[in-house]
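Asks:
In the working numbering, the protein residues as written are 1325 to 1395.
Here it is in structure tokens:
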């Protein structure tokens, strides 16, 4: 039974592309970079399936088990 789940899960996991911001459906980021009238720089990118900064927030409590544990 576990092998069936693994065979189904692996293709789903590897359907996304790994880029510098996370895992998305496209290899290259579809970012739009521009300066507004006041001279401020803006960069708007497409949303990813998973962002690396979100993963860091999830993994941080796991890496620090002393917080909230009973001694």
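Idealized CB from N, CA, C, for every residue including glycine. The structure displayed is predicted, hence computed values, not measured ones.
Got a sec? Which residues, its chain only, sit under 7 Å from residue 1367 by beta carbon, not counting five neighbours each side?
Replies: Only 1355, 1357 meet the Cβ criterion.
Asks: Residue 1341 to residue 1362, Cα distance in whole Å?
Replies: Approximately 36 Å between the Cα atoms of the pair.
Asks: Between the alpha carbons of residue 1372 and residue 1345, how many angstroms are there, rounded?
Replies: Their Cα atoms are separated by approximately 8 Å.
Asks: Name the residue from 1379, 1380, 1382, 1349 whose alpha carbon lies nearest to the alpha carbon of residue 1369.
Replies: The option with the nearest alpha carbon to residue 1369 is 1349.
Asks: Which residues share a DSSP beta bridge with residue 1358?
Replies: According to DSSP, which records beta bridges pairwise, residue 1358 is partnered with 1366.
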